[in-house]
Structure formats: C-alpha cells, structure tokens
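Take a look at the structure set out below.
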Amino acid sequence: MTSSTASSALTRRTLMGIAATGLAAALLPVSASASTSAPGSARAAAAAGAPAAQLPAPTGPYGIGTVSARLVDRSRHDPWVPARPYRELMISVWYPAAPGSGDDRARAHYMAPGAATRWDAMSPHGVPKGALDFAATRTHAREGAPADARGGRRPVLVYAAGAGDPRTWGTSLVEEMASRGYVVVTVDHTYESPAVQFPDGSVKDFAPLMEAFEEARKNDAVPEFLKKTTDVRVADSTFLLDSLGSLPHGLSKIVDRRRVGMFGHSAGGIAAAETMYEDRRVRAGVNLDGTLEFNPDPIGTNLMPVARHGLDRPFLLMGSDRPTEPSWRAFLSHGTGWQRDLTLRGSRHQAYTDLSALLPQAGVDRGTVEENIGTIDPARAVAAQRAYVASFFDRWLRGKDDGLLDEPSKRYPEVEFTG
Numbered sequence: 100m101t102s103s104t105a106s107s108a109l110t111r112r113t114l115m116g117i118a119a120t121g122l123a124a125a126l127l128p129v130s131a132s133a134s135t136s137a138p139g140s141a142r143a144a145a146a147a148g149a150p151a152a153q154l155p156a157p158t159g160p161y162g163i164g165t166v167s168a169r170l171v172d173r174s175r176h177d178p179w180v181p182a183r184p185y186r187e188l189m190i191s192v193w194y195p196a197a198p199g200s201g202d203d204r205a206r207a208h209y210m211a212p213g214a215a216t217r218w219d220a221m222s223p224h225g226v227p228k229g230a231l232d233f234a235a236t237r238t239h240a241r242e243g244a245p246a247d248a249r250g251g252r253r254p255v256l257v258y259a260a261g262a263g264d265p266r267t268w269g270t271s272l273v274e275e276m277a278s279r280g281y282v283v284v285t286v287d288h289t290y291e292s293p294a295v296q297f298p299d300g301s302v303k304d305f306a307p308l309m310e311a312f313e314e315a316r317k318n319d320a321v322p323e324f325l326k327k328t329t330d331v332r333v334a335d336s337t338f339l340l341d342s343l344g345s346l347p348h349g350l351s352k353i354v355d356r357r358r359v360g361m362f363g364h365s366a367g368g369i370a371a372a373e374t375m376y377e378d379r380r381v382r383a384g385v386n387l388d389g390t391l392e393f394n395p396d397p398i399g400t401n402l403m404p405v406a407r408h409g410l411d412r413p414f415l416l417m418g419s420d421r422p423t424e425p426s427w428r429a430f431l432s433h434g435t436g437w438q439r440d441l442t443l444r445g446s447r448h449q450a451y452t453d454l455s456a457l458l459p460q461a462g463v464d465r466g467t468v469e470e471n472i473g474t475i476d477p478a479r480a481v482a483a484q485r486a487y488v489a490s491f492f493d494r495w496l497r498g499k500d501d502g503l504l505d506e507p508s509k510r511y512p513e514v515e516f517t518g
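Numbering-wise (my numbering), the sequence shown opens with residue 100 and increments by one.
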C-alpha cells in the first residue's frame, strides 16, 4: 500500500470528530468526498499561498523551550515492521526556559517540513488541503533554549496524540503546561502517526498499520488489532518512561521522575489510562475523550484491563458532549483512587486538539467548524481544557489545589460534572 492510498483510507469519522472515540473509529474508511471538499474561501486561500496559523498564547509565567530527539529501543523488533530489529520513536520535549533566552526568530516550527506536507495532503479534520501552512506555523517555544534550572526538579508529563494524529496535534495544551512549570514529552508512535520525520530527513508513514487494519477487518479480528495497537502504545510509553533519565539537551537534570503524569487525546487518552494501569511510575493521568474498550464503537464490551479493574491513583476523564460512554462507567465503578468525569458541553471529539485553534483560521464556514469541533466557542474549548488539566496535575503532582475540580465553576459553565 502506498502512503497516498493509506492517507485516503484513513477514516473521517473520528478525524472529523463525529461519534466514536476509539482507535478503530479513526481507521474506518468513508467516501473520499468527505475529505476533499473545501469551501471557496479556503480554496482561494490555498491558491494564493497558504498562511501560517497562529496558536493561542500560553498563560503561565514561564517562557518555553523545546528540543526534539530520536529514541531507539533495541530490546524489541518493531511491532509493525518486524524486519526492523529495533523500535525507533521521535519525541519533543517542552520545558520552562531560562529568563531572557532567545527571541521570536528562534521560535520552533509547528511541524517538520516532510511531516507537514503529508499531514496537509490528508486534509486533516476538516482543514482543506492547502488552507494552512503547517510547516511555516510557529509555536511559542524557543528551539534549544536553555532550561530554567531555578526551583529544583520539575514534574514531568507524557502527552500522547490520538490515532492517526501527529505528536504536534496537542501543542496548545502542551505549551500551556510547560509555561506553568512542567516538563512535557510528546511522542510519535512510528507507523501509526501519519508522518514521522526523523533527523536524517526520512519520513515514516502509517501504511504498515493500515495494512494490518485492513487484514483485521477481512478476518473479523478488529478487537485483536485494537488490543495490539494499545499494547504497542503502552510498550512505547514504558520505554519513554525508561528514557526520562537520558533526555536530550541535559533536561534529565531538571526532571523529577518521582512525579510523573500522563495525558492524551482519544487513543492517547487510552494509552494514558492503560499505561498507568500497567506502570506504577505514572502517578496521575488524564484521558481526553478516548473510549476504554477494544471495539469500533463504544458499546461496553471487550473492555480494556483498566476499565475492568480501575485505578488506585488519581485520574481525570474529560469528554465530548455525547449520550453515553459505557466503558467510562465501568472504569469509574472499579476505581479506588480519586477520579472525576467531566463533559465539555457542545463539543465534539476534535475539540480536545489544536483543531479548536486552527480550523477557524482555515477559511471554512461555521458549519464545518461545528461539524468538527462542535457548537462550543473554540476559544472556550481551549481555555477549559487548559484550566482543568492544569488544575488536575497541580493538585496531584505539585500539591496545589485551586478547588476547580471540586464542583462546577461559574468561570467555566460549559464544563459539566458528570461523575
């Protein structure tokens, strides 16, 4: 299967933020027309040259630095390409930067050029092809800035993106956490992410994963495929936790490996929950709208181990506006640690990603925004998830409780306490 074939096969049900929130939903194909149509204004923008987008500024007191690195796990063959005798991943580390380090010219790019080209070609999540220049878009972090070593070691968070999404797709939330004093590591799961660019310029796509998924569909073995995918993500996350003592740019010197949290969107939220269940080094976790079962649709069967047994450490569920999530009910009923279930009213699945910031800049109409993000004001979606994720990790990794998670807040009326 060529990379272009794999791209056209990628689902638009989760990619466009429609109903399901599991990994299988991110791989089910639909008609090509759903991904190629673009409003006239977006086509005009593409013809004139795609503009760089603007990400919302982080609100914390720290400036941000970032570096990227290749990690190699030589203890296992690659699970998607067994002929490769090792597993390689790309990570980025986001951290509080020393005061006065760098200027705007040193701000890091949102995506590497090769990865950005392939991401744009997919018309991701309602963003018409050519409407935004993902490679030219800048973050608020300074590339290679010296770390702020004041105040001792800092809690570290691992962020995992959804299925078929790049590690950059949660940058606005990741930058917020770094600006508040956390070290955040984002990871691309090679051959699952649509395009992972390595330091030598090579780009690995998700053709092997797509081939495995098509084979599972033919053999009525989708739950088994989903289990393997989750197992791979957990193994990658465990390897990343093993690597916290050797982070690039000397960042291991400011990381407190006794205070580790994990969060993610969709399949990344699934990975956060399941990794936390299997690896006690993760002390607190957040699942942003990911179902906890090995099913194409959330029906409450084939529950993951974490849903069957729960957790004994703090965990936050924050979901889109939908009627029910049976695997979450199972998870909550078995957990013995602190837990909370929040709903972002008026939101759809992709409201928990950078799409909330980027799609309104892509020249699309309001209907396209609502189809992919929901009826919630996109800026409010960003503000709410930043506030609640930060409140959660501050409470459980820093001992600072602002009370936001105790009861509904007038500051965030769109957030409903559902459990």
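We put the beta carbon where it would ideally sit given N, CA and C, even for glycine.
Per DSSP, what kind of secondary structure is Trp-437 in: helix, strand or coil? Three-state DSSP puts Trp-437 in coil, outside helix and strand.
- Distance between beta carbons of Thr-270 and Leu-170, contact taken as under 8 Å: 20 Å between Cβ atoms; not a contact.
- Message: With the cut-off set at 8 Å, would you say Gly-367 and Ala-260 are in Cβ contact?
- Response: With respect to the 8 Å criterion, Gly-367 and Ala-260 are classified as neighbours on the basis of their beta carbons.
Which residues DSSP lists as bridging Thr-158, in chain order: Partner residues in a beta bridge of Thr-158, as assigned by DSSP, do not exist.
Discussion item. Nearest by alpha-carbon distance to Trp-427: which of Arg-447, Ala-482, Asp-378, Leu-402 is it?
Written reply: For the set Arg-447, Ala-482, Asp-378, Leu-402, the Cα lying nearest the Cα of Trp-427 is the one of Leu-402.
- His-208 versus Ala-215: straight-line alpha-carbon distance, rounded: Looking at the two C-alpha atoms, the distance is approximately 10 Å.
Can Phe-430 be considered in contact with the ligand ADP, in the sense that its beta carbon sits closer than 7 Å to one or more heavy atoms?
Only the bare structure without any ligand can be found here, which leaves the ligand ADP out of the picture.
inquiry  = Can you list, in chain order, the residues of its chain with a C-beta nearer than 6 Å to that of Phe-492? Leave out the 5 residues immediately preceding and following it.
reply    = The residues are Gly-360.
**Request:** Could you check if Phe-362 is buried or exposed, using at least 16 other CB atoms within 10 Å of its CB as the buried criterion?
**Result:** Buried: at least 16 other Cβ atoms inside 10 Å.
message: Using C-beta distances below 6 Å, list every residue in its chain close to Ala-197, excluding the 5 sequence neighbours before and after it, in chain order.
response: Taken in chain order, the residues that qualify are Pro-245, Asp-247.
Notebook entry, point to check: Helix, strand or coil: which one does DSSP assign to Pro-459?
Noted result: Three-state DSSP puts Pro-459 in a helix.
Is it right to say Pro-265 is buried, meaning 16 or more other beta carbons lie within 10 angstroms of its own, or is it exposed?
Flag for Pro-265 reads buried.
* Which residue from Arg-357, Pro-477, Ala-234, Asp-335 puts its Cα closest to that of Gly-445? -> Among Arg-357, Pro-477, Ala-234, Asp-335, the Cα nearest to that of Gly-445 is on Pro-477.
If you draw a straight line from the alpha carbon of His-348 to that of Tyr-185, how long is it in whole angstroms?
Rounded to the nearest angstrom, the gap between the Cα atoms of His-348 and Tyr-185 is 24 Å.
From Ile-163 to Ala-277, what does the alpha carbon distance come to, in whole angstroms?
Roughly 6 Å between the two C-alpha positions.
**Item:** 8 Å contact criterion, which Glu-274 and Pro-157 should meet: CB distance rounded
**Value:** Indeed they touch by this definition, with Cβ atoms about 5 Å apart.
Closest by CA to Glu-373, which one among Leu-343, Ser-191, Leu-410? Taking the Cα of Glu-373 as reference, the smallest distance to any Cα among Leu-343, Ser-191, Leu-410 is reached at Leu-410.
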